[in-house]
Each structure stands twice: as structure tokens, then as C-alpha cells.
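Residue numbers (the numbering used here): 5 to 492.
Note that the Cβ used here is the ideal one computed from N, Cα and C, for glycine as well.
As the structure is a computational prediction, the values presented were derived from the model and not from experiment.
One structure is given below, encoded as C-alpha cells.
Set out below in C-alpha cells:
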């Protein structure tokens, strides 16, 4: 298969899968088989594409030119390949999990759920492989719209309210700020095509560069930088597989990926460093890291705690992007993958607890670990990886982010990273400790409680073991991150 055909098939296959899911929606077993087969094929395609890309092959596809100089076009570069690899691998795992979850709770509208899921993955691939800002913006918006039915899946008033917040903030920031940044870039640079080294050097007065970067930073609302973060906890009204999609596979990662791509291929790291473009803005990311963690500490609802943890963790990536040093960019890029596998494990565990016990609060898990050791063991592994301790993959991204602060002489930011990691310990580890070592509340007996359905357990085991594997073998993600950062 030619590289162009491989790229096109990767973009279209999730859409074809969505059509197949709708066509056989009346037959649950067949519908879920279509989901698993499609997700498996996409995973195979992104792995093959990654191998070819790392072997030096090029991938490009131009679909149309709606305006002179403005094309809908795709080209694979290292950062986009990394994002697509994460999304492609995790879609199959999330699908396995979602089948057990949706069946376990006898959820309604499952055909719509799985079809919307597939459409969202197609949009993710469009974001990942976009050759220019116009194509990226188009699929960025389609991703917002395709995930809205997932956020409001339950149809309750609470879900509709959360959906309005989700849609309002994401569309408002992108149309009001992100699009404006794209138009200014086009006016100044006479191009919006991503290029190594950026397109703004020598064309934009450095005095205005910080303002333009701010339009992107706050306009890319999916990155959840404060104060445009409220959509993320509001979206926690969605079923847990959707939370996993939002936090690990699709929406939030699309946000920080877009910020990184703008940093590397529109501004250029040399232009940012030499002109101190992000000097003030970087402290917005630092504040979000700490405030997100502090808010998470005060949340008793488990999914809300994990949501604010994600707000904090996304700003690790934003911080690395704005440091713009080689190590900072590598750390930010790798954190897309390391956080994805760890955070999806935490959400899988939260969903497992809910399916079996209907419990949503951290204060309700006392003693539950002895009845659900696999669930809370997986949660513990995911938590340690988020914290950044060996032997789990999350250590590597935090290591390179710390090196990035040292390279740029930002020792206060190094302290912020360390403090944030300590806060990670304070709001994540007590959950497993409560479950394994605290006594159940008065009147609670867990003798009849067993682990979640096998598909849920299988998904958790896969992602938690991957957190371990990524400590010993981070090579594919590191190679792509190093290429994106300008390394050999």
C-alpha cells in the first residue's frame, strides 16, 4: 500500500466504522464486533505508519483548495505521528472497556455512543496529520462537535448543562481567539503551513509575538489553561468511557498537541527563546499546574478529582512548550503519551468502582480494595506514573521537563514542578491507601462485591502494564518527540 493510501485510509477508516456501527446497531454483538475490528485496524495502521515514518518515508495528501493558498491537506511529521500513535493504540483499549461498562450499566443509546466515538477518532487523526492551521482548525472544531453527543449522552438536565458549558467554552475560545490568531499569522507570514523552524521569524515584530502567542494559548481551549478550564470538569457528567476519551485519547490531548504544534512549527523554538515570547505567559501554565492540583485535593467526587488533576497535568505540557528548549519540548511531547496511559487507567478504575458499587466518592472507598484488588492495584500504578516515580513511564516526561527548566535557567519553575508532583502524591495516593488499609464505614460489608466485568479488567490491566513497559521501553515515543524537538 502506498503511503498516500495508508494516510487516507487511517483518516477514513474510523468514519467507515461509524457507518458500519449505525448499520448494524440493532444487533449489539455485531455492532461491538464492528467497533473492535475497526479500532484494531486503526491501531495496526498507525503502527505501520510509525514504522515507515521512522524509517524516513514521507506521507502527504492534499484534498482540496477551497481558497487560493488555503488547502485542506495532510502531512505527517513527528509530533503528529506521536499523537496519532497514542490515539490509535488507546482507541482499541477504550472500546474493550466501553463494551463492558455500557453493558454492565445497561446504558441506552449505545449505537449512537459507539458511532460518535468512532467519528471523534477520525477527527483526532485529522488534527494529528493536518499540514496547516486551516486544516487543523477545521478538524479541531469537528472534534468538539462530534464529542458533544458523548458528553450529553445520559440526556439528564445535568448532562445538558455540562454539555452547554463544554460547547460554549470550546467554541467560544476557538472562534474568538484561536481563529483570530490564525488570521493574524496568515496576514503576517503570508502562510499558515507548518514548517520546521516556524514561519514567523523575521516577519513578526518580537514586541507583538507575546500577544499573538497568548491568542493561541487561550484560544486553544482544549488545553484547559486557566481560566478557560471549566469545560473539562463540567464534561464529567458523561459516562466514564467518555471521560477516558476526553482525558487521554482525544479532546485534551488535541488541545496541548495543537499548542505544541503551533509552538514548534509556527513560532519556532529559536524565535521564542531569543525573543522571550512566553516570558509572562509561562507563569499562567505554572499557576494552572498548582491551582489544578490544589482544587483536586478538595474534591471528594473521584471523577472531579481526576478532572482537576488533568487540568494540572495538561499545563505540564504547556509549560514544556513555552520553555521551548529541546528537553522541554521532548518532555512535553512524551507527556502526551505517558499521561494518556496513566490517566486512562485511573478513569478505567473509577468506572470499574461505579459499575460494581455505584460509589462515586473518595470517602466511600474505605476497605474496598480488598474486594477489588485488581481495580485498585491498577489505580495505584496509574497514580504512581502520574506522580512521576520509577519504574513507570511518567518519570521520563517529568525528567525531561525538569531538564528543560534547568536548560533555560528557570529554577523557580523547577520548584513549581517539584511542588506540583508532591501535590500529586497528596491527592492520588490516599485513594489506594484508603481502599487497601482503611476499615469500611459502619455497616458496610464487601463480602458479596467482586471485580468488574472481564472486559473492564482487561482494559485496566493492559493500560497499567503499559505504564510499566513505557519506563523500560519509551523508545518509539522518545524518537518521535526528539525529532519534533529538532533532534537527530
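- Note that the C-beta distance between residue 258 and residue 86 is not below 8 Å.
- When rounded, the separation of the alpha-carbon atoms in residue 238 and residue 255 is 14 Å.
- Nearest to residue 283 by C-alpha distance, out of 244, 475, 47, 323, is 323.
- Contact check for residue 292 against residue 240 fails: the beta carbons are separated by 8 Å or more.
- Burial check for residue 336: the Cβ neighbour count within 10 Å reaches 16 or more, so the residue is buried.
- When the alpha-carbon of residue 418 is set against those of 279, 286, 439, the nearest one is in 286.
- Membership of residue 326 in the alpha helix (DSSP H) is indicated by the continuous run 306–327.
- Take residue 227, set aside five residues on each side of it, and the residues of its chain with a beta-carbon closer than 7 Å to its own are 259, 260, 263, 318, 322, in chain order.
- In the displayed model, residue 87 falls within a helix according to three-state DSSP.
- Nearest neighbour of residue 108 by Cα position, chosen from 66, 213, 49, 243, turns out to be 243.
- In the DSSP assignment, residue 9 falls within the unbroken alpha helix (DSSP H) covering 7–27.
- In this structure, the beta-carbon distance from residue 369 to residue 357 falls below 8 Å.
- Going by beta carbons, residue 80 and residue 198 fall outside the 8 Å limit.
- Look at the beta carbons and you see the stretch 138–149 touching the stretch 113–128: at least three pairs across the two are nearer than 8 Å.
- If only uninterrupted alpha helix (DSSP H) runs of at least 4 residues are considered, those enclosed by the stretch 347–412 are 377–391, 398–411.
- Residue 35 and residue 273 have their alpha carbons spaced roughly 46 Å apart.
- When DSSP states are grouped into helix, strand and coil, residue 71 belongs to the strand group.
- Residue environment analysis places residue 18 among the buried positions, since at least 16 neighbouring C-beta atoms fall within 10 angstroms of its C-beta.
- Residue 391 is positioned such that its CB atom lies no closer than 8 Å to that of residue 423.
- Residue 332 has its alpha-carbon roughly 13 Å from the corresponding atom of residue 415.
- Look at residue 76 here: in three-state DSSP terms it is strand.
- For residue 141 and residue 183, the gap between their C-alpha atoms comes out near 8 Å.
- Going by C-alpha positions, residue 439 is about 15 Å away from residue 386.
- Measuring C-alpha to C-alpha distances from residue 221 to each of 31, 203, 170, 281 identifies 281 as the nearest.
- In this model, residue 396 and residue 110 are separated by some 35 Å (Cα to Cα).
- Around the C-beta of residue 476, fewer than 16 other C-beta atoms lie within 10 Å, and the residue is accordingly described as exposed.
- In this model, residue 218 and residue 188 are separated by some 12 Å (Cα to Cα).
- When secondary structure is reduced to three states using DSSP, residue 115 falls in the helix class.
- Around the C-beta of residue 11, 16 or more other C-beta atoms lie within 10 Å, and the residue is accordingly described as buried.
- Sorting 485, 444, 345 by C-alpha distance to the C-alpha of residue 463 places 345 at the top.
- In this structure, the alpha-carbon of residue 52 lies about 44 Å from that of residue 302.
- CA-to-CA, the gap between residue 95 and residue 211 works out to about 43 Å.
- Residue ranges of uninterrupted alpha helix (DSSP H) with 4 or more members, entirely inside the stretch 196–269 and ordered along the chain, are 210–223, 235–238, 244–248, 255–266.
- Classified as buried, residue 63 has 16 or more neighbouring CB atoms from the shown chains inside 10 Å of its CB.
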